[in-house]
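Worksheet: one structure, shown below.
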Amino acid sequence: MNLDAVYEAILTGNAEAAASATNASLEKGLSAEKILYEGCIPAMTEVGRQFEIGEKFVPEMLISARAMTAATDILRPLLIEEGVQQIGTIILGTVAGDLHDIGKNLVGMMMEGAGFKIINLGADISPEAFVDAVNEYHPEILAMSALLTTTTRSIINTIAALEEAGIRDQVIVMIGGAPITQDFADKVGADGFAPDAASAARKAKELIGVA
Ligand code: B1M
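End of the sequence shown = 1613 in the working numbering, gap-free, step of one.
Below is the structure:
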């Protein structure tokens, strides 16, 4: 089964095999969304589980991440192709001190698919850089991703920087990532939270008042 091949290729960090298994799955008629949610994401979840129990280490996580990117590079145009008309602009980035960008990039793809223009600043983005981007692009939404418990602090710092710059009320702040909960979002004064990429796109539309 091709999805098993996608899963295995990402789990073992074989980027070439991940790309060819993804292409083979598409040729068989599987949707990009099915390949992503039933092949790619479960593989990265298993990488994380093995890391937690000491069966994988950082270099192996990194090569699995590269294999995941090889697959998502192919899926990306297919996931976004339905979002034809633009409904708003979103500044997206992973917060300061945090290098995890796979989930953030998936969130960007699903938001693009929902019709948003995405300005993806990348990873390890300082509060000042987020503030500069809001001043420059005047987005409807500022979307921050954090994957480490320690970097959830950077979300608080970024919201404080928006307040200090006097622009907090000009932008909707949305947050997400594995350690983030609705409770945390409420506590830090974010306007929205979503647990995964698909619901992040839905939430973004809801936040700007588009059904
Ligand atoms: Co790191 N890492 N990592 N890592 N890594 C985690 C996050 C960890 C949970 C692993 C573990 O211990 N089980 C753990 C964090 C523990 C914690 O703080 N609670 C961890 C650690 C400890 C570290 C290092 C400190 C390890 C070390 O050096 N000792 C280090 C930190 C580096 C840094 O950032 N400063 C580190 C490094 C790395 C790599 C560089 C090797 C690599 C990242 C490569 C890359 O991203 N380019 C990596 C990886 C791959 C992982 C795991 C295995 C996978 C992350 C991932 O891509 N998941 C991860 C374990 C895990 O998640 N199971 C782990 C797949 C992705 C689709 O899911 O990112 O959760 P996720 O995104 C989801 C949702 O969270 C949500 O939607 C996405 C899609 O559905 N979402 C949003 C994300 N952003 C959102 C924003 C939104 C809404 C939803 O709105 C704006």
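Glycine residues also receive a C-beta, built at the ideal position from the N, C-alpha and C atoms.
Residue i (DSSP reduced to helix, strand or coil)
| i | result |
| --- | --- |
| T1551 | coil |
| G1431 | coil |
| V1533 | helix |
| V1575 | strand |
| V1486 | Here the model assigns V1486 a pLDDT of 47, short of 50, so the residue's position is not dependable and the matter cannot be decided. |
| G1524 | strand |
| I1569 | coil |
| L1481 | helix |
| V1497 | strand |
| G1415 | coil |
| A1545 | strand |
| P1461 | helix |
| P1581 | coil |
| D1503 | coil |
| I1437 | helix |
| G1614 | Here the chain has residues from 1403 to 1613 only, and residue 1614 is not among them. |
| F1510 | Note that residue 1510 corresponds to Gly in the displayed sequence, not to Phe. Looking at G1510 - three-state DSSP - the assignment turns out to be helix. |
| I1476 | helix |
| I1557 | helix |
Close Cβ partners of residue i (< 6 Å) along its chain, the five nearest in sequence each way excluded
| i | result |
| --- | --- |
| G1485 | Residue confidence is low: G1485 scores 48 on pLDDT, short of 50, so the model does not pin down where it sits. No coordinate-derived value is stated. |
| L1438 | L1477 |
| A1525 | T1496, L1501 and D1503 |
| I1443 | none |
| A1563 | P1529 and V1533 |
| A1587 | I1577 and F1595 |
Heavy atom of the ligand ATP within 7 Å of residue i beta-carbon
| i | result |
| --- | --- |
| E1454 | Annotation note on the ligand ATP: not contained in the displayed structure, which lists the ligand B1M as its ligands. |
Cutoff 8 Å; reference residue i; Cβ partners in own chain excluding five residues on either side
| i | result |
| --- | --- |
| E1429 | none |
| T1552 | G1499 |
| I1476 | A1421, T1424, N1425 and L1428 |
| M1446 | I1412, S1466, A1467, M1470 and I1504 |
| A1472 | A1417, E1418, A1420, A1421 and T1424 |
| L1523 | I1493, L1494, G1495, A1531, F1532 and A1535 |
Whole-number beta carbon distance between residue j and residue i, since they are thought to touch under 8 Å
| i | j | result |
| --- | --- | --- |
| K1519 | T1491 | 5 Å |
| L1405 | E1435 | Wrong, their Cβ atoms sit about 12 Å apart, outside the cutoff. |
| L1432 | T1474 | Wrong, their Cβ atoms sit about 15 Å apart, outside the cutoff. |
| I1543 | M1576 | 6 Å |
| I1521 | V1612 | Not really, about 19 Å apart at Cβ, beyond 8 Å. |
Residue(s) in a DSSP beta bridge with residue i
| i | result |
| --- | --- |
| K1519 | T1491 |
| G1594 | M1576 |
Close Cβ partners of residue i (< 7 Å) along its chain, the five nearest in sequence each way excluded
| i | result |
| --- | --- |
| Q1584 | F1595 |
| V1449 | L1413, K1458, M1463 and S1466 |
| L1480 | A1434 |
| E1590 | This sequence places Val at residue 1590; Glu is not what is there. Around V1590: I1557, I1558 and I1561. |
Legend entry - Stretch-stretch touch, CB-based, cutoff 8 Å, three pairs: the segment 1578 to 1592 with the segment 1539 to 1550: These segments touch.
Inset, instruction - Please determine if the segment 1464 to 1479 and the segment 1410 to 1417 are in contact, where contact requires at least 3 C-beta pairs separated by less than 8 Å. - result: Because the criterion of three Cβ pairs below 8 Å is met, the segment 1464 to 1479 and the segment 1410 to 1417 touch.
Legend entry - Validate contact between the segment 1518 to 1535 and the segment 1558 to 1574 using beta carbons, cut 8 Å, 3 pairs: Of all C-beta pairs linking the segment 1518 to 1535 to the segment 1558 to 1574, three or more are shorter than 8 Å, placing the two stretches in contact.
Legend entry - Touching by the beta-carbon criterion (3+ pairs, under 8 Å), the segment 1564 to 1572 and the segment 1595 to 1605: Using a Cβ-Cβ distance cut-off of 8 Å, the segment 1564 to 1572 and the segment 1595 to 1605 are not in contact, since fewer than three pairs of beta carbons, one from each stretch, lie closer than that value.
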